[in-house]
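This report concerns only the one structure given below.
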């Protein structure tokens, strides 16, 4: 008989503890549920972007991927007419590559050189053949990362502001590279 009372007492303790834990967890769950209900409103408020004050922003023009691709293809077509194997790159105003095409048979160095020429042309809003002349008075210009002061880069402008650069590399001379880059600029007309 006493043995039954011990079990009964243990059972009551275990049952009581389990019940207390369930009540505590239930209360926590209810608290969590009410907190979760208020979270979407708080998240929505936090996710709403802050509006910039008037005068703190500006707009800029950018080439579309389609236009950049058309320009790059015009470059390859012009080079092919003269049996030249080149690569072409079109970068945006910030120097980010929009399109890069390696022509059939173009050398392994040409894609990287084309990107650097395009970047250089848009950075200074000038053909890279003109920029090479500046090295005579300022030779450390060539040390600027990402640039290449060789003929073959041409800027693209809209409303007298640079919006892109076209770089070409792989022809036997920079003059030819730049001639093909100008064919890309002309395509954008």
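Residue numbers (full-length UniProt numbering): 1 to 189. The beta carbon of each residue, even a glycine, is placed where N, CA and C say it ideally should be. For clarity, every value in this text was computed on a predicted model and none was experimentally measured.
If you measure between the beta carbons of residue i and residue j, is that distance less than 8 Å?
i	j	result
residue 164	residue 79	no
residue 158	residue 185	no
residue 276	residue 146	Missing from the structure shown is residue 276; the chain here goes from 1 to 189 and no further.
In whole angstroms, give me the CA-to-CA distance for residue i and residue j.
i	j	result
residue 98	residue 179	21 Å
residue 167	residue 61	19 Å
residue 66	residue 187	12 Å
residue 122	residue 181	13 Å
residue 124	residue 83	30 Å
residue 93	residue 56	19 Å
Hey, could you find the ends of the beta strand (DSSP E) residue i is sitting in?
i	result
residue 100	97–102
residue 92	87–92
residue 155	153–158
residue 165	161–169
Within a Cβ cutoff of 8 Å, which residues of the same chain sit near residue i, ignoring the five residues on either side of it in sequence?
i	result
residue 114	86, 87, 88, 89, 100, 152, 167, 168, 169 and 170
Terminal residues of the continuous alpha helix (DSSP H) containing residue i?
i	result
residue 174	174–188
Short of 7 Å in beta carbon distance, which residues of its chain neighbour residue i, apart from the five on each side in sequence? Order them along the chain.
i	result
residue 174	129, 150, 151 and 152
The segment 88–103 contacting the segment 65–76, beta-carbon criterion three pairs below 8 Å
yes
Hey, is the segment 103–115 in contact with the segment 128–140, meaning 3+ C-beta pairs nearer than 8 Å?
no
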